[in-house]
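Every position in the sequence shown, counted from 1, becomes a number in our numbering once 420 is added.
All C-beta atoms in this analysis are idealised placements derived from N, C-alpha and C, irrespective of residue type, glycine included.
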Amino acid sequence: MSAASRSLLRAGLALSILYWSASFLAGWWLPSLLLDAPLPDRPSGEVEASLAALAGESGHWTVHSVPSGVGVTLRVHWLHRPNAKGAAILLHGFGDDALGTAPRLRDLPGLDVLCFTFRGRDLVPETPSTLGGHERGDVAAVVRFLEGAGWPRSRQLLVGSSQGAGVAILALADLEQQGAPLAGALLESPFMDLQDAARNHLRGTLGSLEVLARPAEWIGLWRSGRIAGFDPAAVSPVRASRGLRTPLALLAGDADPITPLAGVQAIAWNHPDLTIVPGAGHLEAGSKVPGGWRAWADRRLRSWGLASKP
């Protein structure tokens, strides 16, 4: 072997060692992006004041401590309305909380509405976020809480966006294993699975170089599961959607880089009620859908027997 060949071999070996070392270190760091999801900084009293302003003249809030099946306690805010036809459970996106999704209740006038922060992180912020690994149990716990309060599943509705939409599908798969389906689910921009969500997040930062981060993604997801005690491969809304009896209505934009349309279409393979809004980015479809989100939702609620007017 010539001296030039040996030099190239050493350089290639050094680059390989550098690449895999960097991948390992990045993978070791990546869990912090998932497990330590940021929470909105809420001044003292903001949640209560904002919810009170949303209640309207005839509604009133109650607050309930609901044990989740994953060892945490959820603070569930329940808006009671007179003559409600059903109850909607609002499910927020990544890095958000109960208050962030609460304004959607204005578009659901004929229903009671419940909202909460996943994993009780508004009470204990250091609780890890798992994008559905454990949050699916939170949703199931609230559904069962409503059942215990006299609301059958046939009068319950899930309303989720982004992370919340994906978690809704995971929870429905768990719930239907041991009981009846819900009345329906209104879901905007659900993610396809945890690996795809991580990949799209990094692609937004690295662009086409994201492919070089694949080993770091695998290491990061594996370590996240070990730290928080869940199986990342099981966080797959697209797989959970197969065989669901609860009717799903899906809403997505075709310019969404965070939860790309291809992933939503994969879920829609089993649930074809998909509305695609041209030019809408992440979580923009609700504000850009023709007629508005409320009109889009009302057509589904009417078919599910939950519309506010006949």
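Worksheet entry | Nearest candidate by alpha-carbon position, reference GLY540, set SER582, TRP498 and THR493 | For the residues SER582, TRP498 and THR493, the minimum Cα distance to GLY540 belongs to THR493.
Practice prompt. Below 7 Å CB to CB, which residues in the same chain sit around ALA688 once its five sequence neighbours on both sides are set aside?
Written response: Here ALA688 has LEU670 and LEU694 as same chain residues with Cβ atoms under 7 Å from its own Cβ, once five neighbours each way along the sequence are excluded.
Item to complete: Let me know the secondary structure DSSP gives ILE678 once reduced to three states.
Response: Collapsing the DSSP output to three states places ILE678 in coil.
Worksheet item: Are the segment 548 to 567 and the segment 517 to 531 touching, with three or more C-beta to C-beta distances below 8 Å?
Response: Result no; under three Cβ-Cβ pairs closer than 8 Å.
Practice prompt. State whether the segment 497 to 514 contacts the segment 474 to 486, with contact taken as three or more CB pairs (one from each stretch) at a distance under 8 Å.
Written response: Because the criterion of three Cβ pairs below 8 Å is met, the segment 497 to 514 and the segment 474 to 486 touch.
Worksheet item: According to the Cβ coordinates, are PHE650 and THR550 closer than 8 Å?
Response: Result yes, Cβ atoms of PHE650 and THR550 sit closer than 8 Å.
Worksheet item: Since TRP498 is in the beta strand (DSSP E), which residue starts that stretch and which ends it?
Response: For TRP498, the uninterrupted beta strand (DSSP E) run begins and ends at 493 to 500, by DSSP.
Discussion item. Quick check: the segment 585 to 600 against the segment 608 to 618, are at least 3 beta-carbon pairs closer than 8 Å?
Written reply: Touching, yes, given that three or more Cβ pairs across the two stretches are closer than 8 Å.
Worksheet item: Since SER581 is in the alpha helix (DSSP H), which residue starts that stretch and which ends it?
Response: Looking at the DSSP string, SER581 is not in any alpha helix (DSSP H); the run it does join, the beta strand (DSSP E), is 576 to 581.
Practice prompt. Can you tell me which of the three DSSP states GLY706 falls into?
Written response: DSSP places GLY706 in helix when its eight states are reduced to three.
Worksheet item: Helix, strand or coil for GLY506 per DSSP?
Response: In the structure shown, GLY506 sits in a strand (DSSP, three-state: E or B).
Worksheet item: Hey, would you say LEU525 sits closer than 8 Å to LEU474, going by beta carbons?
Response: Yes, the Cβ-Cβ distance between LEU525 and LEU474 is below 8 Å.
Worksheet entry | Below-8 Å beta-carbon distance, THR666 vs any chain C residue | Chain labels in this structure do not include chain C; a single protein chain is all it has.
Discussion item. Measuring only the C-alpha atoms, how far is TRP389 from ALA618?
Written reply: Any answer about residue 389 is impossible in this case: the structure gives the chain only from 421 up to 730.
Practice prompt. Go ahead and pull the three-state DSSP assignment for ALA593.
Written response: In this structure, ALA593 counts as helix in the three-state DSSP scheme.
Worksheet item: Is GLY673 closer than 8 Å to GLY699 when the C-beta atoms are compared?
Response: For GLY699 and GLY673, yes; Cβs fall inside 8 Å.
Item to complete: Can you tell me which of GLY515, LEU606 and ALA560 puts its alpha carbon nearest to the alpha carbon of GLY489?
Response: It is ALA560 whose Cα lies nearest to the Cα of GLY489.
Discussion item. For GLN576 and ASP542, what's the separation of their Cα atoms in angstroms?
Written reply: Cα-Cα distance, rounded: 24 Å.
Item to complete: Throw me the rounded Cβ distance for the LEU721 and ALA727 pair, which I believe falls under 8 Å.
Response: So it is a contact: roughly 4 Å between Cβ atoms.
Practice prompt. Tell me whether the beta-carbon of ALA507 lies closer than 8 Å to the beta-carbon of LEU531.
Written response: Yes.
Worksheet item: Looking at C-alpha atoms only, which residue of ALA504, SER661 and ASP456 is the closest neighbour of GLN685?
Response: Of ALA504, SER661 and ASP456, the residue nearest in Cα terms is SER661.
Worksheet item: Taking C-alpha atoms, which residue in HIS691, ARG501 and LEU528 lies nearest to LEU664?
Response: Minimum Cα distance to LEU664 is reached at HIS691.
Fill in: Span of the beta strand (DSSP E) around PRO487
Start and end: 480 to 487.
Worksheet item: If we ignore side chains and look at the alpha-carbon of each, how far apart do PRO545 and PRO463 end up?
Response: If I take the Cα positions, the gap works out to 15 Å.
Item to complete: With hydrogens ignored, establish whether the beta-carbon of VAL579 is closer than 7 Å to any heavy atom of the ligand HEM.
Response: The model depicted lacks the ligand HEM and carries no ligand whatsoever.
Worksheet item: Does DSSP put THR733 in a helix, a strand or coil?
Response: It is not possible to answer for residue 733, since the shown part of the chain is limited to 421 through 730.
Worksheet item: What residues in its chain sit with their C-beta under 7 Å from that of PRO730, if we drop five residues either side in the sequence?
Response: Residue placement at PRO730 is poorly supported in this model, since its pLDDT is 49, which falls under 50; the coordinates still yield a value, given next. For PRO730, where only same-chain residues beyond five positions count, there are no Cβ hits under 7 Å.
Worksheet item: Can you tell which of SER609, LEU607 and GLU567 has the C-alpha that lies nearest to the C-alpha of ALA600?
Response: Nearest neighbour of ALA600 by Cα position, chosen from SER609, LEU607 and GLU567, turns out to be GLU567.
Worksheet item: Taking the alpha-carbon positions, what's the VAL697 to GLY712 distance?
Response: Rounded to whole angstroms, VAL697 and GLY712 show a C-alpha spacing of 11 Å.
Practice prompt. Could you pull the start and end residues of the alpha helix (DSSP H) that GLU466 belongs to?
Written response: Boundaries of the alpha helix (DSSP H) around GLU466: 466 to 474.
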